[in-house]
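One structure below.
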Amino acid sequence: MPTPVSDQRTSCVHNNLISRFCRYKLSGQDGVSGSPVNRFLALTIVSLALFAGNAAGQARFGIDNSDLYDIAGEFAFVRVQYDSYYDGGWYGGPWLTDFPASDENFLRGVARLTNVRVMSEPIVLRFDDEEIFDYPFLYALEMGRNGGLSLSPREVENLREYLLRGGFLLIDDFWGERQWDAFYRDFSLLFPDRELVELPPNHEIFRTFFDIDGPQMIPGRGGRQGFGQAGIDVASNHAILDDHGRVMVLINWNSDMGDGWEHTYDQWYPTRYANAAYQLGINYLIYSLTH
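Residues in the sequence shown are numbered consecutively from 12, following the working numbering.
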């Protein structure tokens, strides 16, 4: 667990270049987040840590990758614990879906397919935790289940500040209009003055590392979602943008990247979907580090 940060959020807790840049970005010191100068700086810094030579390779790899981990790595996978209207907390709730296998496998994928050093274990935080300001990338899933996402005023305030200071939230794995409505009821409180936009297939987020043909429908294991289910025949990515056009929130609708990561080693889960899950996830990660 990282050292708590000050109210000004100006200190750096990781002694590495990428984390220091991301910490600086989230502290609000740059003042022009998303500007061409900052984007150039970010790309220059991250390019020192990335290696794209293996980018065209498969996302299937050996299970024993402990040698790839770095306890003080540049990237930590942070999963968000949230409350639903019908249940929540540490002892249950949809926020735990696929945990910890999907998070651990994604960390292995980042270590294998890039030169970003990853921390060995995923982290779990809430939206109202001050520690989220230490990390540029948050992951949450299944926010449309069990009555939908339930946010406290403190969570709304803290998450809004995090995103406006340069943070990135990826929301994964919910399906159809009913789950969308349950999710967005409370989530719309975050930025009531900002419209959701659908990202086109040629958006830069699909080109940051892998060259991907837009959003991908990645099914749950066994095809429980995404194969001809009524009203669900296409995946889409929706986003909330900041004033500079940077994606602050990416909503992965009608797709389940988490299952693609979790079932990497499952012989019954199609390899092409696992590969797509890693490619999309890594693109989103690199975008969060460079914008």
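No residue lacks a Cβ here, since even glycine has one placed at the ideal position from N, Cα and C.
Asked                                                                                                          : Found
The alpha helix (DSSP H) enclosing Ser247, as first and last residue numbers                                   : No alpha helix (DSSP H) holds Ser247; the beta strand (DSSP E) holding it covers Ser247 to Leu252.
Those runs of the beta strand (DSSP E) which lie wholly inside the stretch 95-162 and span at least 3 residues : 134-136 and 148-152
Gly178 and Tyr150 closer than 9 Å at C-beta                                                                    : no
Straight-line gap, Pro211 to Ala112 (C-alpha atoms, nearest Å)                                                 : 31 Å
Residues that DSSP places opposite Asn263 in a beta bridge                                                     : Asn248
Neighbourhood of Asp224 by C-beta, 7 Å cutoff - its chain only, sequence neighbours within 5 removed           : Pro212
Limits of the alpha helix (DSSP H) - the one that Phe198 falls within                                          : Gly187 to Phe198
Status (buried if at least 16 other CB within 10 Å, exposed otherwise) for His255                              : exposed
Cα-Cα separation between Met130 and Asp192, rounded to whole angstroms                                         : 35 Å
Cα-Cα separation, Ala287 to Tyr195                                                                             : 26 Å
N-terminal and C-terminal residue of the alpha helix (DSSP H) that Arg171 is part of                           : Pro164 to Leu175
Environment of Glu188 [buried if 16+ CB atoms lie within 10 Å]                                                 : exposed
Classification of Gln290 by the beta-carbon crowding that lies within 10 angstroms, buried from 16 upward      : buried
Buried versus exposed, by CB contacts within 10 Å (16 or more), Pro230                                         : buried
Environment of Leu162 [buried if 16+ CB atoms lie within 10 Å]                                                 : buried
Residue range of the alpha helix (DSSP H) that includes Arg90                                                  : Careful: Arg90 lies outside any alpha helix (DSSP H), inside the beta strand (DSSP E) at Val89 to Val91.
Counted within 10 angstroms of its Cβ, other Cβ atoms place Glu209 as buried (16 or more) or exposed           : exposed
Secondary structure of Leu180, DSSP reduced to three states                                                    : strand
Phe217 (DSSP reduced to helix, strand or coil)                                                                 : helix
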